[in-house]
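Input: a single structure, listed below in structure tokens.
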Ligand code: SF4
Ligand code: SF4
């Protein structure tokens, strides 16, 4: 079967309208909802919220996303299956879904940054020496072989100064 | 091909460190040294990396395959070895001899 996926961005205040419109036009299989940390989009929003709805035979799919600062209207009353994902997204990305179920899933309150935000420091990454920091290009007598200057100083994906307290 | 093990083809590895640096689980450790080889007709001796040790800590590896993808020399490959079990963590760290592709030892 050929599956068709169509992506569409909507304004946050159109989020509920769009979802409800899709459900009414036959996209009532709610697959998932998740967040993506985009870190300061135009100084306005921080995260994207993405939802996937499909026709029940999966022939046609819509992936709807919107950019939010920290709040978005819940769609749990329109698509009950989204409630679990909204709670997960709230815990992992720190987004409040207004009007939805706000009970926590896994995390205790007050555990610091939501763990899937890029700004959340993973303590293990600070305490564990990075094996990539070894320098086989620099010999015991200080001689350099290979292209030492191009050597990457930081683990990939770890922001500058991230490892210093 | 089962994705149940990552094998190292020692002869192909140039100790370039790419896999060590890209592994998201930080579970590859390698050590190497350089030797000078003089090829016939060459004016200056060439420096060649020699692999001393290459360990994958299978208690941390999540079988993502990033290391296999980034290796420019095809020195890492999926293999059909069984998943490992052990009662202690040290045994989960496999080195060059244990990482050979199945059927090659
Ligand atoms: S499969 Fe992934 S986690 Fe395992 S050694 Fe390779 S890069 Fe690291
Ligand atoms: S990326 Fe390949 S060649 Fe480089 S150190 Fe790893 S296994 Fe060896």
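Residue numbers (the numbering used here), protein chains in the order written: chain A, 593 to 757; chain B, 595 to 699. We put the CB at the ideal spot given by N, CA and C, even for glycine. Predicted, not measured: the structure shown is a model, and the values here were computed from it.
Residue 631/A and residue 702/A have their C-alpha atoms some 22 Å from each other. Per DSSP, reduced to three states, the secondary structure at residue 633/B is coil, with no helix or strand assignment.
For the options 644/A, 649/A, 629/A and 654/A, the alpha carbon positioned closest to that of residue 660/A is the one of 629/A. Residue 698/A and residue 630/B have their alpha carbons spaced roughly 56 Å apart. Proximity of residue 604/A to chain B, defined by a Cβ-Cβ separation below 8 Å, is not satisfied.
Distance from the CA of residue 668/A to the CA of residue 678/A, rounded to the nearest whole angstrom, comes to 8 Å. Taken atom to atom, the span from the alpha-carbon of residue 688/B to that of residue 652/B is near 7 Å. Nearest CB-CB separation between residue 723/A and chain B: below the 8 Å threshold. The C-beta of residue 720/A comes closer than 8 Å to at least one C-beta of chain B.
Listed in chain order, the positions of the region 653-665 of chain B with a beta carbon within less than 8 Å of a beta carbon of chain A would be empty, since no residue qualifies.
For the region 622-633 of chain B, the residues whose beta carbon sits under 9 Å from a beta carbon of chain A are, in order, 622, 623, 624, 625, 626, 627 and 628.
Counting other Cβ atoms within 10 Å of its Cβ, residue 602/B reaches 16 or more and is therefore classed as buried. A distance criterion of 7 Å places the beta-carbon of residue 619/B beyond contact range of ligand 2, judged by its closest non-hydrogen atom. Contact note: residue 686/B does not reach chain A at a C-beta cutoff of 7 Å; the least C-beta distance is about 16 Å.
Out of 597/B, 595/B, 604/B and 609/B, the CA that lies nearest to the CA of residue 727/A is found in 609/B. In this structure, residue 653/A has its CB at a distance of at least 7 Å from all heavy atoms of ligand 2. Chain A places a beta carbon closer than 8 Å to that of residue 614/B, counting this residue as a contact. Spatial neighbours of residue 665/B in its own chain (CB-CB distance under 6 Å, excluding positions within 5 residues in sequence) are listed in chain order as 613.
Closest option to residue 606/A, judged by alpha-carbon separation, among 644/A, 747/A, 722/A and 657/A: 657/A. By the Cβ-count criterion, residue 622/B is buried, with 16 or more other Cβ atoms from all chains shown falling within 10 Å of its own Cβ.
Annotation for residue 615/B: no beta strand (DSSP E) segment contains it, though the alpha helix (DSSP H) segment containing it runs 612-616. Here the region 639-650 of chain A lies against the region 613-626 of chain A, with 3 or more beta-carbon pairs under 8 Å apart.
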